[in-house]
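Report on the structure given below.
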Amino acid sequence: MPDDFSGTVDDILQNEHLLTQAQLEAIEREIKSSQPLTSHLLPISVLAQQYKADDTSNINDDEQCGFARAASFLCGKYASLRKVRGDGNCFYRAFLYAMCERLLSRRLDHRNDDDDDDAEFRRVKRTVVDSLKWICRQGYDEYTIDMFHEELVDLFDFIERASSETSSKEGIDDDHTKAVPSENVMQQLHSKLNEEHAASDYCTWFMRLMVAGQMKSNPDRYLPYILVENYNDVHSFCSREVEPMGKECGMVQVSALAECFGVRVVIEYMDGRMGLGGERLAHHVFGGEVDDDSDVNKEERTSITLLYRPGHYDILY
């Protein structure tokens, strides 16, 4: 398997009938050993370098040129990239990491403001805290899922606590107590979301339930989109395409999660179809709408940007 492999379990499952269980487990181990859950921040130039040097790809020459042109376009628009493990959960992990990173960074930037009142953080955390009850109203057992909900709440508690204990500079704060530098707090978040079989996995699965709950509570909103996937009802779609770990998500899941959290998700689509006409790369925006009774205006809503390549998501900056 090449070092720059960015495929997903979903790619592999297309040929699952040709593989033994031992082979599938070996592939999974290789993915885990070669890809962290989320990488450190990388210069966007690695994207162009990958497609310039990638002569082992199975895509045709026209698509390869399209990918290279798209990479060049993105290099002129963005500064950095964070890769996410291609294990079938990449969208959820990317969403979780980017959202938490943005919320923590915002709190760190404004921690010394006299009138700091982070309404956006409170709004998102309230969504998380309240989510257990409305998910259970969709038929899920509270006893079974409570532990996963607690992990997500604990993650937001960490963001709130850590951002309150930091100092913008090394040393002693005004109260003569040791304070944690901001960069250390960001590293703590990175480490927390890169522990194997820990917070990232637990929170990812609970967010899958949030997507399912969002869809089940608004079936008429989502049914037209799943009919084209040959599903006749939302419950069947969720049980097969949303709830299981490792299942890739389509646009309906992306939309549901963005709407559930009220987070704006911008996705740049890099699918090999960018031509020679100098056109912009296709992108779509999901979520971020503001309710009439919200105390957070549209400009203050959390916004994240993801890169989509066939079957995979990474984070753009």
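Those letters in the sequence shown? Residues 1 to 317, per UniProt numbering, in order.
Heads up, the beta-carbon is just placed ideally off N, CA and C, and yes, glycines get one too.
My parser needs the alpha helix (DSSP H) runs of 4 or more residues fully inside the stretch 129-217; what are they? 142-164, 182-192 and 199-217
Does the stretch 73-82 come close enough to the stretch 44-54 to have 3 or more Cβ pairs within less than 8 Å? yes
Quick one: what's got a C-beta closer than 8 Å to His176's C-beta in the same chain, skipping five residues either side? Because His176 carries a pLDDT of 44, less than 50, the predicted location of this residue cannot be relied on, and the following value inherits that uncertainty. Answer for His176: no residue qualifies.
Met274: buried (16+ other C-beta within 10 angstroms of its C-beta) or exposed? buried
Assign Leu235 to one of three DSSP states: helix, strand, or coil. According to the sequence displayed, residue 235 carries His and not Leu. Here His235 sits in helix by DSSP.
Counting pairs of beta carbons, one from the stretch 186-204 and one from the stretch 229-240, are three or more of them closer than 8 Å? no
Considering only their Cβ atoms, is the gap separating Val128 from Phe158 smaller than 7 Å? no
Could you check what DSSP says for Ile226 in three-state terms: helix, strand or coil? helix
Using a Cβ-Cβ cutoff of less than 6 Å, which residues in the same chain neighbour Ala258 once the five nearest sequence positions on both sides are dropped? Val265, Phe286 and Gly287
Rounded C-alpha distance that separates Asp174 from Gly311: Low confidence applies here, because Asp174 scores a pLDDT of 49, under 50, leaving its location unreliable and the question unanswered by this model.
4 or more residues per run - each alpha helix (DSSP H) lying fully within the stretch 79-122: 90-109
Which residue marks the beginning of the alpha helix (DSSP H) containing Glu259, and which one marks its end? Met251 to Phe261
Buried/exposed call for Val228, threshold 16 Cβ in 10 Å: exposed
Apart from the five residues on each side of it in sequence, which residues of its chain come closer than 6 Å, Cβ to Cβ, to Thr20? none
Rounded Cβ spacing between Arg301 and Val263 (contact assumed at less than 8 Å): 7 Å
Coil, strand or helix - Leu281 by DSSP: coil
Enclosing beta strand (DSSP E) for Ile44 [first to last residue]: Here Ile44 belongs to no beta strand (DSSP E), and DSSP marks it neither H nor E.
Alpha carbons only, please: which of Glu299, Lys298, Asp314 and Asn297 is nearest the one belonging to residue 322? Residue numbering for the chain in the displayed model covers 1 to 317; residue 322 lies beyond these limits and cannot be assessed.
For Tyr51, the three-state DSSP class (helix, strand or coil): helix
Given 6 Å as the limit, tell me if Glu259 has its C-beta closer than that to any heavy atom belonging to the ligand FMN. Looking for the ligand FMN in the displayed structure turns up nothing, as the structure carries no ligands at all.
Name the DSSP beta bridge partners of Arg309, please? His312
With contact counted as at least three CB pairs below 8 Å, one residue from each stretch, are the stretch 202-212 and the stretch 135-145 in contact? yes
Taking the alpha carbon of Glu28 as the point to measure from, which residue in Asp271, Glu289 and Asp87 has its own alpha carbon closest? Asp87
Determine, using beta carbons only, whether Glu268 and His283 come nearer to each other than 7 Å. yes
Candidates Thr204, Ala119 and Asp109, of which the one nearest Glu150 by Cα: Thr204
Which residues in the same chain have their Cβ closer than 6 Å to the Cβ of Cys260, if we skip the five residues on either side of it in sequence? Met210 and Gln214
Alpha-carbon to alpha-carbon, Ser217 and Arg85: 30 Å
Do you know how far the Cα of Glu248 is from the Cα of Tyr92? 9 Å
Please report the residue range of the beta strand (DSSP E) in which Val265 lies. Arg264 to Tyr269
Under 7 Å between C-beta atoms of Leu104 and Leu189: yes
Closest by CA to Leu96, which one among Arg69, Cys65, Tyr231 and Arg208? Arg208
Hey, would you say Leu281 sits closer than 7 Å to Ala98, going by beta carbons? no
Under three-state DSSP, which class holds Ser39? coil
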